[in-house]
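K.L.:
To convert, note that position 135 of the sequence shown is 137 in this note's numbering; the numbers rise steadily by one, no gaps.
Backbone N, C-alpha and C define an ideal beta-carbon position, used for all residues, glycine too.
Predicted, not measured: the structure shown is a model, and the values here were computed from it.
One structure is given below, represented as structure tokens, and several questions about it will come after.
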Amino acid sequence: MRVLGIDPGLRNLGWGVIDAEGSHLRHVANGICHSAGDDLALRLLSLHRQLTAVLRDHAPDAAAVEQTFVNKDAVATLKLGQARGIALLVPAQAGLLVGEYAPNAVKKAVVGVGHADKVQVQHMVRLQLPGVVIAGADAADALAIAICHAHHLQSAGRLAAAVARGARQ
3 MRVLGIDPGL
13 RNLGWGVIDA
23 EGSHLRHVAN
33 GICHSAGDDL
43 ALRLLSLHRQ
53 LTAVLRDHAP
63 DAAAVEQTFV
73 NKDAVATLKL
83 GQARGIALLV
93 PAQAGLLVGE
103 YAPNAVKKAV
113 VGVGHADKVQ
123 VQHMVRLQLP
133 GVVIAGADAA
143 DALAIAICHA
153 HHLQSAGRLA
163 AAVARGARQ
């Protein structure tokens with residue numbers, strides 16, 4: 003299964019694609035979609051086009067986006083929410099179901115601790131995806147989101163298989 007992870011941001015939207023076969027994970031690609039300028043609509047359009055190209059180029063089977071939290075700057079939070087809307091919209095337009103994970107859930111899945119720092123997350127991403135060259139901190143976060151979603155899908159698949167076996171007995 004090919005999984006796309008997205009770390010939403012208005013200026014820098016990180017993305018990472020991995021292949022998951024059972025418990026084995028393999029890096030496919032990662033990068034950062036950049037937007038610039040003062041016109042919010044054009045920045046969102048730019049992110050939409052760039053992320054659409056990522057989906058077209060890598061054809062993921064599943065996608066996941068990091069949930070945002072409210073911070074002290076309400077205007078910044080609203081703008082981030084709009085970028086997050088693009089991060090949810092593009093995979094949905096491609097027919098994918100989109101998982102959503104809190105930052106602490108991603109850190110716990112990748113590092114084992116919900117309050118890990120960015121350095122620890124990047125280190126564990128590199129350990130789980132040997133040879134990966136990470137495009138930047140936002141791309142590392144996106145790969146961590148993809149890893150988290152892959153683990154979640156794997157667990158859900160095992161649960162579904164167990165339920166199906168129980169129903170047959």
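Identify whether Gly18 lies in helix, strand or coil by the three-state DSSP scheme.
P.N.:
On the sequence shown, residue 18 is found 16 positions in, with the first residue counted as 1. The answer is strand: DSSP assigns Gly18 an E or B state.
K.L.:
For the alpha helix (DSSP H) holding Val121, just list the boundary residues, first then last.
P.N.:
Position 119 of the sequence shown, counting from 1, holds the residue named residue 121. Element bounds for Val121: 120-130.
K.L.:
So for Gly101, helix, strand or coil by DSSP?
P.N.:
If you number the sequence shown from 1, residue 101 lands on position 99. Residue state, collapsed to three classes: strand.
K.L.:
Residues in its own chain within less than 6 Å of Lys110 by CB, not counting five upstream and five downstream?
P.N.:
Within the sequence shown, numbered from 1, the residue matching residue 110 stands at position 108. Taken in chain order, the residues that qualify are Gly116.
K.L.:
Could you check the C-alpha separation between Leu161 and Ser25 for me, to the nearest Å?
P.N.:
Against the sequence shown, residue 161 aligns to sequence position 159. Against the sequence shown, residue 25 aligns to sequence position 23. Bear in mind that a pLDDT of 43 at Leu161, under 50, signals an unreliable position, so the number given afterwards is only what the model happens to contain. One C-alpha to the other measures close to 15 Å.
K.L.:
Consult DSSP for Ala142 and reduce its assignment to one of helix, strand or coil.
P.N.:
Position 140 of the sequence shown, counting from 1, holds the residue named residue 142. Under the three-state reduction of DSSP, Ala142 is assigned to helix.
K.L.:
Can you grab the Cα-Cα spacing for the pair Gly138 / Ile147, in whole Å?
P.N.:
For the purposes of this step, residue 138 is identified with residue 136 of the sequence shown, where counting begins at 1. For the purposes of this step, residue 147 is identified with residue 145 of the sequence shown, where counting begins at 1. Rounded to whole angstroms, Gly138 to Ile147 spans 14 Å at the Cα level.
K.L.:
Given this structure, state the Cα-to-Cα distance separating Ala31 from Val19, to the nearest angstrom.
P.N.:
Counting from 1 along the sequence shown, the entry for residue 31 is found at position 29. Counting from 1 along the sequence shown, the entry for residue 19 is found at position 17. Rounded to the nearest whole angstrom, the C-alpha separation of Ala31 and Val19 is 5 Å.
K.L.:
Applying the criterion that 16 or more other CB atoms from any shown protein chain within 10 Å of the CB defines a buried residue, is Gly83 buried or exposed?
P.N.:
Sequence index remark: in the sequence shown, residue 83 carries index 81 (1-based). It counts as exposed.
K.L.:
Output the distance between the C-alpha atoms of Ala76 and Leu90, rounded to the nearest integer angstrom.
P.N.:
Residue 76 sits at position 74 when you count from the first residue of the sequence shown. Residue 90 sits at position 88 when you count from the first residue of the sequence shown. Roughly 21 Å separates the two Cα atoms.
K.L.:
Taking 8 Å as the cut-off, does the segment 115-132 touch the segment 4-11 (at least 3 CB pairs, one atom from each stretch)?
P.N.:
When Cβ pairs closer than 8 Å are counted between the two stretches, the segment 4-11 is seen not to touch the segment 115-132, the count staying below three.
K.L.:
Given a cut-off of 9 Å, decide if Leu15 and Cys35 are closer than it, judged by their beta-carbon atoms.
P.N.:
Mapped onto the sequence shown, residue 35 falls at position 33. Mapped onto the sequence shown, residue 15 falls at position 13. Yes, Cβ-Cβ distance for Cys35 and Leu15 is below 9 Å.
K.L.:
Using DSSP with H/G/I as helix, E/B as strand and the rest coil, what is Leu12?
P.N.:
Against the sequence shown, residue 12 aligns to sequence position 10. Reduced to three states, the DSSP call for Leu12 is coil.
K.L.:
Where does the unbroken beta strand (DSSP E) through Gly24 begin, and where does it stop?
P.N.:
Reading the sequence shown from its first residue, position 22 is the one you call residue 24. Segment: none, Gly24 is in no beta strand (DSSP E) and carries neither H nor E.
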